[in-house]
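Asks:
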Ligand SMILES: NC(=O)c1ccc[n+]([C@@H]2O[C@H](COP(=O)([O-])OP(=O)(O)OC[C@H]3O[C@@H](n4cnc5c(N)ncnc54)[C@H](O)[C@@H]3O)[C@@H](O)[C@H]2O)c1
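Residue numbers (the working numbering): 9 to 344.
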């Protein structure tokens, strides 16, 4: 296989760290990573890391001048809760940087003479269920339904999906000779749970936080009602879905944006699992109403049939395997 150079932005985040671990197993792959933060020590030697702010145009330019990328995994973002506190920053980071990187990918597609693949993690935050009754009675939501986000984060993800698809299918459509276009592919992720990293700034964090707090013997006050249910998946499945979508032959794809999911869990389901694994767990509920409303606007379940039939997506971990097989074992070892 020819050598390839891959760019990962937001590389020091939860998904970025797991993605570097997975991609670095291929000796033919050179990874270039970018983040505001320094690289965690366990990733040293697996990537060439540049620390800096992607809002600084000369930072992106410097990287573009040094490397030609075949694939870009653009993970850097301001997450949902943080974005509500600072919508203007969220707009600049989540949409502005995405546009800059789409432009970079478009230029490099011309230079190397083939489409740069652009992998984008979108979110169930692009959905907006109008009320709880609709949420509880709706069948698993398909990609084209209920795309009425109520958060800055959801709006920015939906915009990036649209503009990324534009760069792939219609960019410079009025030119006499349209350029070689990029190959944009996006996944609408549910809440993602890692056994090794703790999320921050997201609104689906109540699940992973509950387990990680219990594993450390800390009491946890849950910010949503016990009955609140949204879809989740564990980190190994999330990373695998990104890599599988990246490898899928273009002609098999009937869309540029796919739902992927594994299991739907309520806060109470997480509590039951947490108490079974950590019998002394101290979990109480104190719903934060505005945050609660955001979670209420996200679907209880999403339909990932298109990903299953187009490129063979199937989660490895259902709820039981995720909790017993992946989370419990690894979290206990992690904090031991
Ligand atoms: N974790 C989830 O449950 C989940 C679910 C759906 C979608 N996503 C999406 O996946 C992507 C990665 O999520 P994550 O959980 O790893 O997030 P994270 O917050 O753990 O990581 C994001 C990283 O982006 C970096 N970053 C932010 N602004 C930057 C800037 N201006 N310049 C350089 N780096 C910057 C941060 O330093 C951070 O390391 C995000 O786009 C997120 O929206 C995550």
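Yeah, the Cβ is synthetic: ideal placement off N, Cα and C, and Gly gets one too.
(1) Can you list the alpha helix (DSSP H) stretches of 4 or more residues lying completely in the region 228–252, in chain order?
(2) From residue 57 to residue 102, what does the alpha carbon distance come to, in whole angstroms?
(3) Could you name the residues of the same chain whose beta carbon sits closer than 7 Å to that of residue 159, not counting the 5 residues immediately before and after it, in chain order?
(4) Looking at the unbroken alpha helix (DSSP H) that takes in residue 65, where does it start and where does it end?
(5) Quickly, what does DSSP pair residue 147 with across the bridge? List them, please.
(6) Is residue 131 buried or exposed, if buried means 16 or more other CB atoms sit within 10 Å of its CB?
(7) Among 269, 304, 98, which residue has its Cα nearest to the Cα of residue 321?
(8) Looking at the secondary structure, which residues open and close the alpha helix (DSSP H) in which residue 339 lies?
(9) Taking 7 Å as the cut-off, does the CB of residue 40 come closer than this to any heavy atom belonging to ligand 1?
(10) Please indicate yes or no: does the CB of residue 84 lie closer than 7 Å to some heavy atom of ligand 1?
(11) Entirely within the region 53–124 and at least 3 residues each: give me those beta strand (DSSP E) ranges in chain order.
(12) Span of the beta strand (DSSP E) holding residue 4?
(13) Report the rounded CA-to-CA distance for residue 145 versus residue 309, giving the unit in angstroms.
(14) Write down the C-beta distance between residue 75 and residue 40 rounded to the nearest angstrom, noting that I regard them as a contact closer than 8 Å.
(15) Three or more C-beta pairs under 8 Å: does that hold for the region 237–256 against the region 174–184?
(16) Can you check whether the CB of residue 318 is closer than 8 Å to the CB of residue 255?
(17) What is the residue span of the beta strand (DSSP E) that residue 13 lies within?
(18) Name the DSSP bridge partner or partners of residue 131?
Replies: The relevant details are as follows:
(1) none
(2) For this step, residue 57 is matched to residue 49 along the chain shown. For this step, residue 102 is matched to residue 94 along the chain shown. Straight-line Cα distance between these residues: approximately 21 Å.
(3) By 1-based counting over the chain shown, the position of residue 159 is 151. Cβ neighbours of residue 159 beyond the five flanking positions: 88, 91, 92, 133, 302.
(4) Sequence index remark: in the chain shown, residue 65 carries index 57 (1-based). Unbroken alpha helix (DSSP H) run through residue 65: 65–74.
(5) Reading the chain shown from its first residue, position 139 is the one you call residue 147. BP columns for residue 147 are empty, so no partner.
(6) By 1-based counting over the chain shown, the position of residue 131 is 123. Buried, because 16 or more other Cβ atoms sit within 10 Å of the Cβ of residue 131.
(7) Here residue 321 corresponds to residue number 313 of the chain shown, with the count starting at 1. Closest by alpha carbon: 269.
(8) For this step, residue 339 is matched to residue 331 along the chain shown. Looking at the DSSP string, the run of the alpha helix (DSSP H) that includes residue 339 is 337–343.
(9) As a working note, residue 40 is residue 32 in the chain shown. No, since every heavy atom of ligand 1 falls outside the 7 Å radius drawn around the Cβ of residue 40.
(10) Along the chain shown, one-based indexing puts residue 84 at 76. Yes - ligand 1 has a heavy atom lying nearer than 7 Å to the Cβ of residue 84.
(11) 56–59, 79–82
(12) A query on residue 4 cannot be resolved here, the shown segment of the chain reaching from 9 to 344 and no further.
(13) Taking the first residue of the chain shown as 1, we reach residue 145 at position 137. Taking the first residue of the chain shown as 1, we reach residue 309 at position 301. For residue 145 and residue 309, the distance between alpha carbons rounds to 11 Å.
(14) Here residue 75 corresponds to residue number 67 of the chain shown, with the count starting at 1. Here residue 40 corresponds to residue number 32 of the chain shown, with the count starting at 1. Correct: roughly 6 Å between the Cβ atoms.
(15) no
(16) Counted from its first residue, the chain shown places residue 255 at position 247. Counted from its first residue, the chain shown places residue 318 at position 310. In this structure, residue 318 does not lie closer than 8 Å to residue 255 by Cβ.
(17) Within the chain shown, residue 13 is the residue found at index 5, counting from 1. That run of the beta strand (DSSP E) goes 12–17.
(18) The residue given as residue 131 occupies position 123 in the chain shown. The partner list for residue 131 (beta bridge, DSSP) reads 197.
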